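Visitor: My structure is below; once you've seen it, I'll send some questions.
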Amino acid sequence: MTSAGVLGGTLAGAVLLSLVATPVHAAPRGPDADLAGVRSVLRSALRDGAPGAMARIDDRGTVLRAAVGVADRTTGRAMDDADRFRIGSVTKIFTSVVLLQLVDEKKLKLDAPVDRYLPGLLPDDRITVRHVLGHRSGLYDYTNDMFAQSVPGFEAVRKKVFTPTELVNRSLRRPRTSAPGAAYSYSNTNFVVAGMLIEKLTGNPVRTEYQNRIIEPLKLRDTLYVHPGMKIPGAHARGYLTQDRSGAPLVDATEQTVSWAQSAGALISSTRDLNTFLSALLGGRLTSAAQLAQMERWLPSGTGQAYGLGLRRRDLSCGVSVYGHTGAVQGFYTYAFASKDGKRALAAVANTSNNGTVLNTMLRTLDSAFCGKATRAPRGRATVERHEDVAPALSLD
């Protein structure tokens, strides 16, 4: 694949622009965001092992920013909230949006078997598109084996280029985790299949569909799909992978193909773009109301959280729920969430990964941003969401 060019004039773009003017019912503003609390959380992430951390809150035209630590350990350049970074599994929301737009265009049915569109790919014709987007297909997550040892696993795939079929076949070598639809089980395999659906139904690479349907209409100047290119273009934070062995030096993981993730986790973005994207999605500007409602058909996925279709809901300490996704790719942890109406959005990033303490610390930015108060670090060992490169020793939901 080559770098995406500027592509415009699509039906999807026209539909999106026509929806911008759709009125949205006003929701209570809620407590003001606690920027001091966010900064405190970011500083805690540094103490926990992150070289740098940053956050941006967009709230009805008001922008709040915070950045601490360094974006580059070699040069000492300070973290800047305008820096680009790899967003990991936040990519899954983009992928889901494209597929739901295809549902709106009557090119896809959520409850149809994947086999209808990709004959022979999966061994069970009961697995539907909905199962895939909601992590209820039972397809084993091939990254469990790929990154059983974080650094050796990463170095083995850093420069590799996989076909999506090769990744799915890695999953199919292992038993399925459940019958289709029976249970939530987070798996990157699902969103590799989702990317294959996009390419089959549109005849275009996923890059082109992200560009035409989301990036260009929303003017996301920092959001890029460069696979199989290895570099992050423009000003960016470098990402550092924590080794499994305590005390071992961090590994600079910035440059990689991310071919092991593709439509499950290979996008690059910025805090500004992620907030713009989530505000547009939850504000009803990217899909029909009917398809947004499908994304928000929640089923439990762990304590205080639920999963829809490529979208996660987290229930915060103050009783507020926020909507978005977490992302982990070697070197970066991301939290990207917004209020129900999309009018307040937070993107928070630490430039390290494979460090469950940092991951749990960064979760606290949500309470500060949406509840208006700083929160204490959780006591004991908290459960963390399964991410692409989390060490197997961590407690996973």
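Converting from the sequence shown to the numbering used here requires adding 215 to each position, the first position being numbered 1.
Every residue gets a Cβ at the ideal spot worked out from N, C-alpha and C, and that includes glycine.
Everything numeric in this text was worked out from a predicted model, so none of it was measured.
Per DSSP, what are the beta-bridge partners of residue 625 in this structure?
Guide: Nothing can be reported for residue 625: it is not among the residues displayed for the chain, which extend from 216 to 612.
Visitor: For the beta strand (DSSP E) containing residue 522, list its first residue and its last residue.
Guide: For residue 522, the enclosing beta strand (DSSP E) stretches over residues 520-522.
Visitor: Could you tell me the boundaries of the beta strand (DSSP E) in which residue 543 lies?
Guide: 536-544
Visitor: Report the option in 582, 555, 542 whose CA atom is closest to the CA atom of residue 565.
Guide: 542
Visitor: Go ahead and pull the three-state DSSP assignment for residue 295.
Guide: coil
Visitor: For the ligand SAH, is there a heavy atom less than 7 Å away from the beta-carbon of residue 351?
Guide: Inclusion of the ligand SAH in the displayed structure is not the case, the ligand content being empty and no account of it being possible.
Visitor: If distances are taken between C-alpha atoms only, which option among 546, 571, 555 comes closest to residue 366?
Guide: For the residues 546, 571, 555, the minimum Cα distance to residue 366 belongs to 546.
Visitor: I need the DSSP call for residue 473, collapsed to helix, strand or coil.
Guide: coil
Visitor: Mind listing, in chain order, the continuous alpha helix (DSSP H) runs of no fewer than 4 residues lying wholly within the region 310-383?
Guide: 329-332, 344-348, 358-361, 365-372
Visitor: When the Cα of residue 505 is compared with those of 312, 372, 419, which residue comes out closest?
Guide: 312
Visitor: Quick one: what does DSSP say residue 441 is sitting in, helix, strand or coil?
Guide: coil
Visitor: Under three-state DSSP, which class holds residue 257?
Guide: helix
Visitor: With a 10 Å radius around its C-beta and 16 neighbouring C-beta atoms as the bar for buried, classify residue 518 as buried or exposed.
Guide: Result: exposed.
Visitor: For residue 271 versus residue 486, is the C-beta distance shorter than 8 Å?
Guide: yes
Visitor: Among 405, 531, 572, which has the Cα closest to the Cα of residue 329?
Guide: 405
Visitor: For residue 502 and residue 364, which I take to be in contact (beta-carbon distance under 8 Å), what is that distance rounded to the nearest angstrom?
Guide: Rounded, the Cβ-Cβ distance is 40 Å, inconsistent with contact.
Visitor: When the distance is taken between beta carbons, is residue 356 closer than 8 Å to residue 402?
Guide: Yes, the pair counts as a contact, with Cβ atoms nearer than the cut-off.
Visitor: Ignore the nearest five residues each way along the sequence and tell me which others in residue 280's own chain have a CB closer than 7 Å to its CB.
Guide: When the five nearest sequence neighbours on each side are left out, the beta carbons in the same chain lying within less than 7 Å of the beta carbon of residue 280 are those of 271, 296, in order along the chain.
Visitor: Helix, strand or coil for residue 494? Go by DSSP, reduced to three states.
Guide: helix
Visitor: Assuming contact is defined by CB atoms lying nearer than 8 Å, are residue 437 and residue 498 in contact in what I supplied?
Guide: no
Visitor: Alpha carbon to alpha carbon, how far is residue 480 from residue 434? Give it in angstroms, no decimals.
Guide: 21 Å
Visitor: Can you tell me whether residue 278 is buried or exposed, with buried defined as 16 or more other CB within 10 angstroms of its CB?
Guide: exposed
Visitor: Please identify the residue among 421, 577, 584, 263 whose C-alpha is closest to the C-alpha of residue 535.
Guide: For the residues 421, 577, 584, 263, the minimum Cα distance to residue 535 belongs to 584.
Visitor: Under 8 Å between the Cβ atoms of residue 283 and residue 250?
Guide: no
Visitor: Does the separation of the CB atoms of residue 432 and residue 474 fall below 8 Å?
Guide: Result no, Cβ atoms of residue 432 and residue 474 do not sit closer than 8 Å.
Visitor: What residue from 293, 571, 477, 245 has the CA that sits closest to residue 453's CA?
Guide: 293
Visitor: Kindly confirm or deny that the region 562-576 and the region 259-266 touch, where touching means at least three C-beta pairs closer than 8 Å.
Guide: Touching, yes.
Visitor: So, under 8 Å CB-CB, residue 562 and residue 577 are touching, yes? Tell me the CB distance rounded to an integer number of Å.
Guide: Actually they do not touch by this definition, with Cβ atoms about 11 Å apart.
Visitor: Can you tell which of 420, 484, 413 has its C-alpha closest to the C-alpha of residue 448?
Guide: 484
Visitor: Between 389, 554, 252, which has its C-alpha nearest residue 495's C-alpha?
Guide: 554
Visitor: Rounded to a whole number of angstroms, what is the C-alpha to C-alpha distance between residue 586 and residue 268?
Guide: Whole-angstrom Cα-Cα distance: 20 Å.
Visitor: Contact check, residue 383 vs residue 336 under 8 Å by CB: the rounded distance?
Guide: Rounded to the nearest angstrom, the Cβ distance from residue 383 to residue 336 is 6 Å, consistent with a contact under 8 Å.
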